[in-house]
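Under our numbering, the first residue of the sequence shown is numbered 2, with each subsequent residue one higher. Everything on this sheet refers to the single structure shown next.
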Amino acid sequence: MKKLSPGVWTALLLLLGILLWELAAAEGHVNPFFFSRPSLIWAEFRAMADNGSMARHLGATLQEAGLGLLFGAVLGALCGLGLGMAPKVSRALMPLLTGLNGLPKLALGPLIIIWFGLGLRSKALIAGLMVFFVFAFNLYAGVRAVEEELITAVKLLGGKSRQVMAKVILPACVPWLLASLRTSLGLSLSGAIVGEYLGASRGMGWIIADAGERYDMERVLCCVAVIVVVVVLLDGVVRLLERLLLRWRGPRS
2 MKKLSPGVWT ALLLLLGILL WELAAAEGHV NPFFFSRPSL IWAEFRAMAD NGSMARHLGA
62 TLQEAGLGLL FGAVLGALCG LGLGMAPKVS RALMPLLTGL NGLPKLALGP LIIIWFGLGL
122 RSKALIAGLM VFFVFAFNLY AGVRAVEEEL ITAVKLLGGK SRQVMAKVIL PACVPWLLAS
182 LRTSLGLSLS GAIVGEYLGA SRGMGWIIAD AGERYDMERV LCCVAVIVVV VVLLDGVVRL
242 LERLLLRWRG PRS
């Protein structure tokens, strides 16, 4: 029999887990009040999809997370590249960045809400803070990992600084950039959702908090499941992009 792919095994294990969950709830081994059951969660999803609330709240969260990811990624990547290209500056600033990265960014959420209000800006800023340091440290490491001999060879052949950046450093940093992007997908969504928890009138974080206060486990777990599916789908897009951009590395084991 032909071997099953890892994706098929994942789907089978997921279906098995859902089936066991449903049977355990039906037989009374699991209390539906606390854990609900897959059939009820699916019914809740269909109801939210039909009345448009799922699309509205998910769209708001994705907008906040997307803006945060965009600005956090751009600023973090530029910071990492700049520090990697300037060793003397990096020796002075990296300890500061390391200390700032140690701050509990989610705990800064209330301050950000106070400073920037309850609108889109505060949620995007929290999401951006979640991903900024990921890109900054990874791109810094990517630049520092480039072999000095390769840079020297390009310069001996007459390459200017911008040509070294375009032909050597940036291509070498693409794997680091994609790894940062994959890590940051979930982080940016987490930042947006935390911001909605703290103060909002829409979004997946707001609807989860509202449902949790009413002990509506079907709605809470439905929203959590949707967020997980969205992250998995986005990760699949990044994986595809990775295969297209890194074909020169050949197949990975």
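Backbone N, C-alpha and C define an ideal beta-carbon position, used for all residues, glycine too.
Could you round the C-beta distance between residue i and residue j to whole angstroms and report it? I think they count as a contact, below 8 Å.
{"i": "P33", "j": "A44", "result": "In fact, because the Cβ distance is near 12 Å, the residues do not count as touching under 8 Å."}
{"i": "Y141", "j": "L84", "result": "5 Å"}
{"i": "G129", "j": "G69", "result": "4 Å"}
{"i": "F117", "j": "S181", "result": "Going by Cβ atoms, the distance from F117 to S181 rounds to 25 Å, so no, they are not a contact pair."}
{"i": "A61", "j": "G204", "result": "4 Å"}
{"i": "G9", "j": "W22", "result": "It should be noted that the sequence gives Val, not Gly, for residue 9. That belief does not hold up - the Cβ atoms of V9 and W22 are roughly 20 Å apart, past 8 Å."}
{"i": "L178", "j": "A78", "result": "7 Å"}
{"i": "G103", "j": "F138", "result": "Incorrect: roughly 12 Å between the Cβ atoms, too far for contact."}
{"i": "L247", "j": "V175", "result": "7 Å"}
{"i": "G200", "j": "L119", "result": "5 Å"}
{"i": "A210", "j": "Y198", "result": "5 Å"}
{"i": "M218", "j": "F36", "result": "7 Å"}
Please list the terminal residues of the continuous alpha helix (DSSP H) segment that includes residue i.
{"i": "D217", "result": "Taken as a continuous stretch (DSSP letters only), D217 belongs to no alpha helix (DSSP H), as it is neither H nor E."}
{"i": "N52", "result": "Unbroken run through N52: none, as it is neither H nor E."}
{"i": "K106", "result": "Unbroken run through K106: none, as it is neither H nor E."}
{"i": "G110", "result": "110-117"}
{"i": "M131", "result": "121-145"}
{"i": "K156", "result": "149-157"}
Secondary structure at residue i, three-state DSSP: helix, strand or coil?
{"i": "A87", "result": "coil"}
{"i": "E65", "result": "helix"}
{"i": "R240", "result": "helix"}
{"i": "E28", "result": "coil"}
{"i": "K161", "result": "coil"}
{"i": "K168", "result": "helix"}
{"i": "A201", "result": "coil"}
{"i": "R38", "result": "coil"}
{"i": "S6", "result": "coil"}
{"i": "L70", "result": "helix"}
{"i": "L245", "result": "helix"}
{"i": "L17", "result": "helix"}
{"i": "L234", "result": "helix"}
With a threshold of 16 other CB atoms inside 10 Å of the CB of residue i, please say whether the residue is buried or exposed.
{"i": "V195", "result": "buried"}
{"i": "K106", "result": "buried"}
{"i": "E65", "result": "buried"}
{"i": "G237", "result": "exposed"}
{"i": "G159", "result": "exposed"}
{"i": "I115", "result": "exposed"}
{"i": "V132", "result": "buried"}
{"i": "L245", "result": "exposed"}
{"i": "V229", "result": "exposed"}
{"i": "V90", "result": "exposed"}
{"i": "S162", "result": "exposed"}
{"i": "G73", "result": "buried"}
{"i": "S254", "result": "Below a pLDDT of 50, predicted positions are generally treated as unreliable, and S254, at 47, falls in that range; the measurement from the model is reported next regardless. So S254 ends up on the exposed side."}
{"i": "K124", "result": "buried"}
{"i": "R215", "result": "exposed"}
{"i": "G100", "result": "exposed"}
{"i": "E243", "result": "buried"}
{"i": "L235", "result": "buried"}
{"i": "A108", "result": "exposed"}
{"i": "A193", "result": "buried"}
{"i": "L17", "result": "exposed"}
Run the proximity test for residue i: is its beta-carbon closer than 7 Å to any non-hydrogen atom belonging to the ligand ATP?
{"i": "S40", "result": "Absence of the ligand ATP from the depicted structure is noted, as is the absence of any ligand whatsoever, leaving it without description."}
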